[in-house]
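What follows is one structure encoded as structure tokens, with my remarks underneath.
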Amino acid sequence: MEMKKPVIKSIPYEEFKDNETLESLITELNKERTNVVVGALDDLINWGRSNSLWSLTFATSCCGIEFMSVGAARYDFARFGFEVTRNSPRQADLIMVAGTITHKMAPVLKRLYDQMAEPKYVVAVGGCAISGGPFKSSYHVLNGVDKIIPVDVYIPGCPPRPEAILYGMMQLQRKVKVEKFFGGVNRQQKSGDATEDYPIIITNVPQDITDKEREQ
Amino acid sequence: MNITFIPLSEFRPRMEALRQEKGMDFLRDIIGMDWGEEGIGAIYMLENSTTKENIAVATRTTDRENTIIPTVSDIWQIANMYEREVFDFFGVVFSGHPFMRRLYLRNDWVGYPLRKDYDESEALNPVRMFSEKNEEDYLHTLSPDGTITTTLDNSFDDKEYVINIGPQHPATHGVLRFRLSLEGEFIRKVDVHCGYIHRGIEKISEKYTYPQILALTDRLDYLSAHQNRHALCMCIEKAMGLEITDRTQYIRTIMDELQRIDSHLLFVSCAAMDLGALTAFIYGFRDREKLLDIFEEVTGGRLIQNYNTIGGVQADITSGFAGKVKEYCKYILGKLQEYNDVFTNNTITRKRMIDVGVLSKEDAISYGCTGGTGRASGWSCDVRKRHPYALYDKVDFKEVLYSKGDCYDRLRLRIDEIKESVKIINQLIDNIPEGDYKVKTKPIIRIPEGSYHAAVEGSRGEFGVFIESRGEKSPYRIKFRPMGLPLVASMHTLLKGCKIADLMAIGATLDYVIPDIDR
Ligand code: SF4
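Same order as they appear, the protein sequences are chains A and B. Counted the way our numbering counts, the first sequence spans residues -4 to 211. Counted the way our numbering counts, the second sequence spans residues -15 to 503.
Right under this line is the structure:
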């Protein structure tokens, strides 16, 4: 069964920019054919997933406020199914990096990304997350989150307008639609990719009371 | 600005005298400084909270290896944080400080970034992708023979139950991190970690020209974008001796107040959301959007507007501006009742806020908590009244004061301040004089040699700008007074003995913005 072009209700396919990336993804995925049942299941799952993208809010600065505006009444991203934001990485499908990422924050971001369950996506919101933005020449700012985690959608702006954030999220929806859930996903983090030089070691754990002590 | 230099040996007694005899109880800021040949040290800006008299003193030492200055953290509580900042950026060790460790940067950072001889190479400070070891803290102690020993010290002992909140947590309003030691549900000790959004603005500014620096101030506290930039423009204009037109003054004052309304609306919305009242959040943002429309029409930006510029504003106001602002002012006054109905007078809000997180007036002054937080404790700390700038001495408005200083006072104060802002705008909006909105400046802006300071009342406190110029086209040193750092410092006192659930209410009503703290 062939993978189809991603269609989003109410906006024609041609109106989106950057269709080439998606098309090349489709060609790549179509190289290995899948059978009809699995393909149909894929479609169903992708339909469900693309319409209920839960984001991990990772709003570090100014761009985060615009992200909040998108959540409020005027722009209302609930229309697209993005309204559930999670504060725990385990429950999130994507991570919205909205704001400047500094040297001190970089390992935290990477760890949150590592903790998310597959399949996971990253949206870089604003100049800072894309390239360091106005603080590019600073000694403490990471010049782009793509240096540490793979990014799926970039939303430029400083801060991006709410419409731009919605557009970016729709691009992500389209990307989710061209994915094989069964039989190979586009990208998967290998276990070795997770960097954690210092594992979390808990010391001084109180000993359970032994039977002997209890008797006393 | 006049700075009195005090030799290091007399420093402690002179500072104590200033506090005791002159009544300088408000430490506005400590500005670390590397004068080059003349040494490294700090400038202390002090103010008497009753007479409003203020003074700047400084001390310095030429020893770049063992740079030691006596602490004043026992005289003013906020000095604790400010001194840690100076240590972080300049490597000045404050002897006698109880907790001398870095405030913003990681403990394993090499070098002190704001020193003039700092080596910025990537090799020394690459992006470290492993977690910072924070079980131990670095403690610097001064032995009698003058050497500093660095030891690892545990801020919490083994028996304490320590939990970590942040840096990515909805209750912290951004990327702040707390380590709390708990006893059951009660908080016993708080350790605040800043620096997760430290962008090094002060250091980049030393390489940028003045108009370039203007772009960065909007991004400090993005909810005081206008006021921040107003302060910097004012400071530069003062230094250059540039007279700006009346029309500019009117526009700037009106925009500052609109920005304050914007910020306070967001404050109410977010405080409501933190306590779980989503309705009030939606209401607040609905009204804020209308204001953002006005901003967008005039400045072209919604959140970050880049409107003020040296000598005036970027563009003239649009023809429909006055009408729209008046209409909005009328609209928002009507909506305030709605907030009170759904949120402020709500039983749950009252139960969670009244008598929670009480900040006494003395603590507010000693911590330097300006803005709404200070005024809720009864301290009249409004820069608009203390040191009037722009048109604030010509308009009639009341400085809203409450006396108890609990969360509920802080919440109501913001709503009352919206009314005062509307009052100011209404007095000005019909009288905007004709004239130029910007005076011509030279293409390259240079400031004559010297130190300059300007302060404005930002949305959440006093925002100050200090510039030390050597006559170049970029500053020798620029320092922004963070509005939020004193607020965060005071959390130590506020949280002690509170329940952990109160952290949300206290954090929300203190109203800090992290990028402004970390700069
Ligand atoms: S891109 Fe601009 S608006 Fe967004 S976080 Fe960076 S400075 Fe702020």
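Note that beta-carbon positions come from the ideal geometry of N, C-alpha and C, so glycine has one too.
| query | result |
| --- | --- |
| Is any heavy atom of ligand 1 found at a distance shorter than 8 Å from the C-beta of Y180(B)? | no |
| Could you say which of R161(B), S344(B), H371(B), L166(B) lies nearest to V472(B) if we only look at CA atoms? | R161(B) |
| Are the CB atoms of V120(A) and C58(A) nearer to each other than 9 Å? | yes |
| Quick one: using the 10 Å Cβ neighbour count with 16 as the cut-off for buried, is L262(B) buried or exposed? | exposed |
| One question on the structure: do W49(A) and L89(A) come within less than 9 Å of each other, judged by their Cβ atoms? | yes |
| Can you give me the Cβ contacts of E119(B) inside the same chain, cut-off strictly under 6 Å, excluding the 5 residues immediately before and after it? | Low confidence applies to E119(B): its pLDDT is 47, below 50, so where it sits in the model is not reliable, and the reading given next is rough at best. Excluding residues within five positions, none has a Cβ falling inside 6 Å. |
| Could you pull the DSSP bridge partners for Y436(B) from this structure? | I451(B) |
| Specify, as a first and last residue, the run of the beta strand (DSSP E) that L287(B) falls within. | Looking at the DSSP string, L287(B) is not in any beta strand (DSSP E), and its letter there is neither H nor E. |
| What residues of chain A sit near H153(B), judged by a beta carbon separation below 8 Å? | N82 |
| If the cut is a Cβ gap below 8 Å, which residues of chain A does V111(B) touch? | H98, A101, L137, K142, I143 |
| Compute the Euclidean distance between the alpha carbons of G356(B) and G127(A), then round it to the nearest angstrom. | 33 Å |
| Would you mind telling me which residues of chain A sit closer than 9 Å to G158(B), beta carbon to beta carbon, in chain order? | A54, T55, S56, G59, G94 |
| Examine ligand 1 and report whether any of its heavy atoms sits within less than 8 Å of the Cβ of Y206(B). | yes |
| With hydrogens ignored, establish whether the beta-carbon of L287(B) is closer than 8 Å to any heavy atom of ligand 1. | yes |
| Is the distance from the Cβ of I484(B) to the Cβ of I171(B) below 9 Å? | yes |
| Taking a cut of 8 Å between CB atoms, which residues from the region 177 to 196 of chain B lie near chain A? | G179, Y180, I181, H182, R183, G184, I185, K187, I188, K191 |
| Who are E31(B)'s beta bridge partners in DSSP? | F10(B), N38(B) |
| Do you know how far the Cα of T95(A) is from the Cα of K172(A)? | 29 Å |
| Excluding sequence positions up to five away, which residues of its chain have a Cβ less than 6 Å from the Cβ of R244(B)? | S405, S443 |
| Measuring only between beta-carbons, confirm whether M111(A) sits less than 9 Å from chain B. | no |
| What do you reckon, are the CB atoms on I185(B) and L204(B) nearer than 9 Å? | yes |
| Of all Cβ atoms in chain A, is any one closer than 9 Å to the Cβ of F114(B)? | yes |
| Is the distance from the Cβ of L479(B) to the Cβ of L164(B) below 9 Å? | yes |
| So which residues of chain A does Y206(B) contact, with C-beta pairs closer than 8 Å? | S56, C57, I60 |
| How about A306(B) and I402(B): do their beta carbons lie closer than 9 Å? | no |
| Going along chain A in order, which residues have a C-beta closer than 9 Å to the C-beta of P499(B)? | T55, S56, C57, G94, T95 |
| Hey, L17(A) and P1(A): beta-carbon distance below 9 Å or not? | yes |
| When you get a sec, list the residues whose CB is within less than 6 Å of any heavy atom of ligand 1, chain order please. | S56(A), C57(A), C58(A), G94(A), T95(A), G121(A), G122(A), C123(A), G128(A), P129(A), C153(A), P154(A), R203(B), I288(B) |
| From which residue to which residue does the alpha helix (DSSP H) around N212(B) run? | 209 to 224 |
| Within the 9 Å Cβ cut-off, does F162(B) reach chain A? | no |
| Determine, using beta-carbon pairs with one atom in the region 82 to 101 of chain B and one in the region 63 to 70 of chain B, whether at least three such pairs fall under 8 Å. | yes |
| Please compile the residues from chain A whose C-beta is within a distance smaller than 7 Å of the C-beta of P97(B). | Y134 |
| Show which residues of chain A have a CB atom less than 7 Å away from the CB atom of E452(B). | Simply none; closest approach about 20 Å. |
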